[in-house]
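In this note's numbering, the protein residues as written are -3 to 135.
Worksheet for the structure shown next.
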Amino acid sequence: IGARAFRGCALTSVNCPKLQEINDEAFVDCTQLVSAAFAEVQTVRWCAFGSNDSLEEIWLPKVNNIERDEIFRNCPNLRAVHIGTELDYVCRMEDGNLSIDQSVTTIYVPDALVEDYKVATNWSLYAGVIKGESEAPTD
């Protein structure tokens, strides 16, 4: 998805099973977006989901590269981020700022890699909110 492709759209949910890459601000200001699922996305770039007041949950099970920072800037209701849950290695995060509210958001990763994520470069900043995918609510 190109930069700012859906900027300000009235989407409430997104499910893109074949998409490989999400560029800068692709879904910025989509204030009605509640959930998003990207089964095949491998790369996410700067502020891809910024300023989405309604965003609560996002699935990026095969993401292996987060380029630049502030992916979730100004997403105050984001409660769950599922990162690399189908991978057997830690997703690379170029910068250390996902811009999440750690009092609200939990990051779910593969159960076998929880401890690896908690000590990995840049991910260690979020050690207190990293949990195994099996701990995610199933509502």
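Backbone N, C-alpha and C define an ideal beta-carbon position, used for all residues, glycine too.
In this text, all values refer to a predicted model and were calculated from it rather than measured experimentally.
Where residue i falls: helix, strand or coil (DSSP)
i, result
"A1", "coil"
"A32", "strand"
"W42", "coil"
"L121", "helix"
Which listed residue (the options) has its alpha carbon closest to that of residue i
i, options, result
"S95", "V30, V40, G46 and D135", "G46"
"E63", "I54, G92 and V110", "G92"
"T102", "E53, D112 and F2", "E53"
"Y85", "V105, E131 and V24", "V105"
"I(-3)", "D49, N61, P57 and F23", "F23"
"I57", "A44, E36 and C71", "Strictly speaking, residue 57 in this sequence is Pro, with Ile absent from that position. Answer by Cα proximity: E36."
For residue i, the residue or residues it bridges with in DSSP
i, result
"S9", "S31"
Whole-number beta carbon distance between residue j and residue i, since they are thought to touch under 8 Å
i, j, result
"V59", "C26", "Actually they are not in contact, since the Cβ atoms of V59 and C26 sit about 19 Å apart, beyond 8 Å."
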